[in-house]
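Inspection log for the structure reproduced underneath, given as structure tokens.
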Amino acid sequence: MKTKVLMVCLGNICRSPLAEGILKSKVDPDNILVDSAGTAGYHVGNPPDERSIAVAQKHGIDISNQKCRRFSKNDFKEFDVIYAMDESNFANILRLADTDKDEKKVRLLLDEIDLGFSEVPDPYYGGTDGFEKVYQMIDLACGAIEKKLIK
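Just so you know, the numbering used here puts the end of the sequence shown at 219, numbered straight through with nothing missing.
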């Protein structure tokens, strides 16, 4: 049975598409399904931000075909683990949870590693340097997740 992992940020155009692409690049797609979503519906149907696409491409990952979608209650049924990029999105996801089982699926992505902070900052209003920093944080966390998933 496939393990299903969902990455979630606000608009599903910067952080969560990167997290989806990075984790997909590290795991066997026959065993692990990775997707992403946003807690807000601002960009539904759009591709990721050009800066996220560019930083992923710089690291050999193509996320240009991803399409933004909004997180829904159904995602609790579909996914085994749901990673939020920050506390705000974590809280927004938990508001939709109906059961303790749903709540236990939700985690902060950076809790998988020890960086001394638990939130992936939103690079949207910053320059391209912010996207590279976010990429590096997410890559470290996805490396830790990969190790957990292949045990």
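We put the CB at the ideal spot given by N, CA and C, even for glycine. Model, not experiment: these values are computed from the prediction.
Around the beta carbon of E88, 16 or more other beta carbons sit within 10 angstroms, so the residue counts as buried.
In the DSSP assignment, M75 falls within the beta strand (DSSP E) that extends over T71 to C77. Our two residues, S120 and P189, have alpha carbons roughly 13 Å apart in a direct line. N80 and H111 have their C-alpha atoms roughly 7 Å apart. Nearest C-alpha to A212 among E187, D179 and G109: D179. Distance from the CA atom of I161 to the CA atom of K70, rounded to whole angstroms, is 23 Å.
One thing to note: A105 has its Cβ within 8 Å of the Cβ of R137.
Judged by DSSP secondary structure, L217 falls within the alpha helix (DSSP H) whose first and last residues are T196 to L217. Around I181, the same chain offers L208, A209 and A212 as residues with beta carbons nearer than 6 Å, after the five sequence neighbours per side are excluded.
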